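Participant: In the numbering used here, the protein residues as written are 8 to 298.
Using N, Cα and C, we set each Cβ at its ideal position, and we do this for glycine too.
From a predicted model like this one, the values you see are computed outputs, not experimental measurements.
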Amino acid sequence: MSETGWAIIVHGGAKDIPPGLEDAHRRGCLLALAAGQAILEAGGAAIAAVEMAVRALEEDPTFNAGHGAVLNAAGEVECDAAIMDGATLAVGGVAAVKTLRHPISVAAALLSRTPVLLVGAGAEAFAGAHGGELCDPADLIVARPGDPGCDTVGCVALDRHGNIAAGTSTGGLTGCHSGRVGDSPLPGCGLYADNVVGGVSLSGDGESLIRTTLAARLMHSLEAMPPGAAIQAALTYLARVGGEAGLIVIDTEGRVDWGHNSAQFAVAHARAGQPARAFVNRAQDAQEDYP
Ligand code: GLY
8 MSETGWAIIV
18 HGGAKDIPPG
28 LEDAHRRGCL
38 LALAAGQAIL
48 EAGGAAIAAV
58 EMAVRALEED
68 PTFNAGHGAV
78 LNAAGEVECD
88 AAIMDGATLA
98 VGGVAAVKTL
108 RHPISVAAAL
118 LSRTPVLLVG
128 AGAEAFAGAH
138 GGELCDPADL
148 IVARPGDPGC
158 DTVGCVALDR
168 HGNIAAGTST
178 GGLTGCHSGR
188 VGDSPLPGCG
198 LYADNVVGGV
208 SLSGDGESLI
218 RTTLAARLMH
228 SLEAMPPGAA
238 IQAALTYLAR
248 VGGEAGLIVI
258 DTEGRVDWGH
268 NSAQFAVAHA
278 RAGQPARAFV
288 NRAQDAQEDY
298 P
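(1) Would you mind giving the Cβ-Cβ distance between S208 and L198, rounded to the nearest angstrom? I have them listed as a contact below 8 Å.
(2) Check whether the Cβ of G213 lies closer than 7 Å to any heavy atom of ligand 1, and answer yes or no.
(3) So for A76, helix, strand or coil by DSSP?
(4) Please look up how many angstroms separate the CB atoms of D87 and A103, rounded, as I've assumed it's under 8 Å.
(5) Using only the alpha-carbon positions, how far apart do L165 and I255 sit?
(6) With a threshold of 8 Å on Cβ separation, who are the neighbours of D292 within its own chain once the five nearest residues in sequence on each side are excluded?
(7) Mind checking who T105 pairs with in its DSSP beta bridge?
(8) Please say whether G73 and P110 have beta carbons closer to each other than 8 Å?
(9) For I15 versus A45, is the C-beta spacing smaller than 8 Å?
(10) Quick check: what's the CA-CA separation for G51 versus N268?
(11) Taking A277 as the reference, give the member of I90, I54, E48 and G99 with the closest Cα.
(12) Thinking C-beta only, is E65 closer than 8 Å to S176?
(13) Where does A134 land, buried or exposed, given buried means 16+ other C-beta within 10 angstroms?
(14) Just to confirm, does S185 get its C-beta within under 7 Å of one of the non-hydrogen atoms of ligand 1?
(15) Taking C142 and T95 to be in contact with their CB atoms under 8 Å, please state how far apart those CB atoms are, rounded to whole angstroms.
(16) Any idea if H184 is buried or exposed, counting beta-carbon neighbours within 10 angstroms, 16 or more meaning buried?
(17) Could you check whether the Cβ of S210 sits closer than 7 Å to any heavy atom belonging to ligand 1?
(18) Buried or exposed: where does P282 fall if 16 or more other Cβ atoms within 10 Å of its Cβ makes it buried?
(19) Do you know whose CA, among G43, R224 and N202, lies nearest A60's CA?
(20) Give me, in chain order, the residues of the same chain whose beta-carbon lies closer than 6 Å to that of V17; leave out the 5 immediate sequence neighbours on both sides.
(21) From the DSSP output, in three-state form, read off G186 for me.
(22) Drop a sphere of 10 angstroms on the beta-carbon of D158, count the other beta-carbons inside from all chains shown, and report buried for 16 or more, exposed for fewer.
(23) What is the DSSP secondary structure of A49, reduced to helix, strand or coil?
Put into structure tokens, the structure is as follows:
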């Protein structure tokens, strides 16, 4: 990997985007991309770029993560997030958390520690002890007239030193059972990163992504084929159990690609020498081939 071969892609969830909200999704993805891109352009680490991009998505009430998370059947917000460092295979995750403004940053604080995944009150206590930003759960709730909320947000980044990282964050599914945990905080299901293969972040129906360990399948395919073909293979396998998904990928050569079987999937991406672009549908992304 050359010294200038950074790349970054973010997503804002694989679901139907209500008419009139497409621009908000593109804009939000571009703002998050810019937060991560600034770190990569300055020579910073992929793991820091992923955390900053996902924080921006968590802050934006357009997206179902952090501020703007959907409500479960009990009328409560419960968020999941995870981040993975492809240099070390360190991974940190939190699940079913109600009082964290930025679940991705608490997940990042776990990267250098032994537990991979903390849930509920235990995760919130860890956040309180390690500088995590606690909030009133009511502060995360936003009115969504006519908008059922999209799915997970995520980011994959490759830095100038060849390090790859991936992250996910979600408010789960509207009306889901209290305590339900989806794919987002589970490595191999909602995300994975390995410097010798690539990085992936997924969105979609969590139970389907868990049953198929779709992130792990995507990573295995990436060992043998380019990102676009690996994404298609993953979506074909997903059809075995059904369900919607959106997938973003960067491989070790800095090839960026994405795909989905949902109606829409908000994405923005950029690479060294290529401008930032945002889309809500893969078919709108005119550049079919990423050399
Ligand atoms: N993909 C997010 C979830 O199912 O929780």
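Facilitator: So, from the data block:
(1) That pair is a contact at about 5 Å.
(2) Indeed, a heavy atom of ligand 1 lies less than 7 Å from the Cβ.
(3) Judged by DSSP in its simplified three-state form, A76 adopts coil rather than helix or strand.
(4) The pair is a contact, with the Cβ atoms about 7 Å apart (cut-off 8 Å).
(5) Roughly 13 Å separates the two Cα atoms.
(6) Taking C-beta separations shorter than 8 Å and ignoring five residues to either side along the sequence, the partners of D292 in its chain run W265, V274, R284 and F286, following chain order.
(7) Looking at the sequence shown, residue 105 is not Thr but Lys. K105 pairs with nothing; no bridge assigned.
(8) Yes, these two residues count as a Cβ contact at 8 Å.
(9) Cβ distance not < 8 Å, so I15 and A45 don't count as in contact.
(10) Straight-line Cα distance between these residues: approximately 33 Å.
(11) In terms of Cα proximity to A277, the closest of I90, I54, E48 and G99 is E48.
(12) Result yes, Cβ atoms of S176 and E65 sit closer than 8 Å.
(13) It counts as buried.
(14) No, Cβ of S185 sits at least 7 Å from all heavy atoms of ligand 1.
(15) That belief does not hold up - the Cβ atoms of C142 and T95 are roughly 30 Å apart, past 8 Å.
(16) The residue in question, H184, is exposed, as its Cβ has fewer than 16 Cβ neighbours within 10 Å.
(17) Flag set: Cβ of S210 near ligand 1.
(18) Looking at its Cβ environment, which holds fewer than 16 other Cβ atoms inside 10 Å, P282 is exposed.
(19) When each option's Cα is compared against that of A60, the closest is G43.
(20) Shown here for V17: same chain residues with a beta carbon closer than 6 Å to its own, the five before and five after excluded, namely C36, A39, L40, A60, C162 and A275 in chain order.
(21) Coil, per DSSP.
(22) It is buried - the Cβ of D158 has at least 16 other Cβ atoms within 10 Å.
(23) When secondary structure is reduced to three states using DSSP, A49 falls in the coil class, being assigned neither helix nor strand.
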